[in-house]
Amino acid sequence: RLPSSGPAAPHHQARGMARVASSCPQCCGEGCRYHGRHGSRSCRGCEDAARLQISLGRIPRCAGCGRRDAKGRVDEVQSRNFYCTACWARYDGDRLVEHFDEPDVLEQKCAALAKMISSARHIIAFTGAGVSTGAGIADFRSGLNTKLPTGPGMWELPKADRQAGNILEQCAQAKPGRAHKSLVRLWKAGLLKHIITQNVDGLHRKSGFPAHALSELHGNIFVERCTKCDSEFERDFNVICSGVLTGRHCDQARCGGALRHSGVGFGQDLSEKITDKAWKECERADLCLALGSSITVTPASDMPAYVAERHRGKPDKGLVIANLQSTPCDGQAALRLNGMVDDILERVEAILREKGVLSADEDLLST
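Quick note: the sequence shown uses my numbering, first residue 274, plus one each step.
Next comes the structure, spelled out in structure tokens:
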């Protein structure tokens with residue numbers, strides 16, 4: 274039951290929260306610091322609730338099978354769920370494995386995706402770190418044996434083996450990759466309507482994707498916002514700083530409010546304005562392309578899952594996943610492609626051009 278205090282969640286957030294509560298035995302349970310607020314906060318409720326149960330001598334239910342196992346454990350890297358020993362062995366064994374479709378299989382899947390795009394009315398993309406690995410930015414969760422040119426994910430490497438410098442420095446120096454450019458071309462052609470991204474690197478905007486068709490859930494290292502009038506200012510330098518305020522002020526007439534960076538740290542509130550816009554796009558979408566995301570970070574991960582659930586049973590609608598590693602939503606997806614996102618998007622583009630769905634106009638191709 275949701276707490277009585279505080280404002281009611283918008284109906285689209287309520288749907289997302291309901292889905293989280295029904296799919297995770299620990300969420301919204303005793304000990305969850307964000308009880309009832311998974312639609313607007315970064316949720317670590319599963320871990321908090323599980324650890325409280327353990328401290329009280331109770332054994333939580335496994336997030337995979339529902340069994341109670343005294344030898345189970347909490348996943349501290351990704352899902353924050355409690356797993357029994359059997360489910361943990363399967364989960365941890367599969368978590369970092371990269372899957373590649375055989376060329377002929379991937380070709381068939383790309384053709385199927387092109388057909389789905391052709392018939393869809395409102396397509397959105399949900400992008401994660403895997404979209405930017407082609408631009409040279411390392412992701413977080415790829416294993417030590419990854420095929421990605423950026424190497425193992427930062428969270429999988431011992432601290433001593435991590436690259437010198439900050440991930441934000443990589444983001445600040447990076448240029449849009451092939452996947453970013455493909456998405457812009459799909460938007461220019463009127464096929465892609467909106468992008469919901471977990472990335473803070475600003476590469477979607479740099480590629481030419483318009484801000485009004487973009488929901489940057491975790492912020493953008495190049496964007497600061499006015500604390501008074503909420504105006505946005507995009508810079509050509511990284512605005513993230515140790516405090517919230519950047520020291521600059523709003524340029525709008527008669528405002529002059531203090532500016533803050535738009536970055537969202539772990540456990541911090543997401544922007545209600547941005548999440549509301551993203552949820553509304555999810556409600557309109559009949560096709561969601563989840564690209565390069567593990568779909569594990571809440572509340573963002575609830576969005577593609579919601580689109581999948583809303584169109585369950587429709588073979589040409591709902592959720593499509595393109596990623597190397599398995600995700601919790603694989604079983605809900607209408608189509609799952611195993612391969613590099615850059616290669617997949619460019620091949621789908623080529624098929625759409627062959628079918629006459631996507632223009633071969635040189636202005637689009639040169640993007």
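All C-beta atoms in this analysis are idealised placements derived from N, C-alpha and C, irrespective of residue type, glycine included.
- For Val630, the CB contacts under 6 Å within the same chain, skipping 5 residues up- and downstream, are Ser391 in chain order.
- Between the alpha carbons of Leu625 and Asp374 lies a gap of roughly 21 Å.
- In this structure, the beta-carbon distance from Val614 to Val404 falls below 8 Å.
- Within a 10 Å sphere around the beta-carbon of Ala343 sit fewer than 16 other beta-carbons, which makes this residue exposed.
- Judged by beta-carbon spacing, Phe495 lies within the 8 Å limit of Asn511, meaning their Cβ atoms are closer than that value.
- According to the DSSP assignment, Leu592 belongs to the beta strand (DSSP E) that extends over 591-595.
- The C-alpha of Leu465 lies about 44 Å from the C-alpha of Leu325.
- In the DSSP assignment, Ala384 falls within the alpha helix (DSSP H) that extends over 376-392.
- The DSSP assignment places complete alpha helix (DSSP H) segments of no fewer than 4 residues inside the segment 603-635 at 614-627, in order along the chain.
- Nearest C-alpha to Arg478 among Lys454, Leu369, Arg498, Cys499: Lys454.
- Contact check for Ala606 and Val593: beta-carbon distance about 6 Å, within the 8 Å limit, so the pair qualifies.
- Exclusion of the five residues before and after Thr358 leaves Asp342, Lys344, Gly345 as the residues of its chain whose Cβ lies within less than 7 Å of its Cβ.
- A residue is called buried once 16 or more other Cβ atoms fall within 10 Å of its Cβ, and Lys546, having fewer, is exposed.
- Selection Gly565, Pro601, Ala531 evaluated against Asn611 yields Gly565 as nearest (Cα-Cα).
- Note that the C-beta distance between Cys555 and Val580 is below 8 Å.
- Shown here for Lys628: same chain residues with a beta carbon closer than 8 Å to its own, the five before and five after excluded, namely Ala387, Ser391 in chain order.
- Taking each of Ala484, Ile327, Asn493 in turn and checking the Cα distance to Ser535, the smallest one comes out for Asn493.
- Spanning the alpha carbons of Lys550 and Gly330 requires a straight line of approximately 42 Å.
- Gly481 sits away from Cys444, with the two beta carbons spaced by 8 Å or more.
- Shown here for Gly530: same chain residues with a beta carbon closer than 7 Å to its own, the five before and five after excluded, namely Cys499, Thr500, Lys501, Cys502, His522, Cys523 in chain order.
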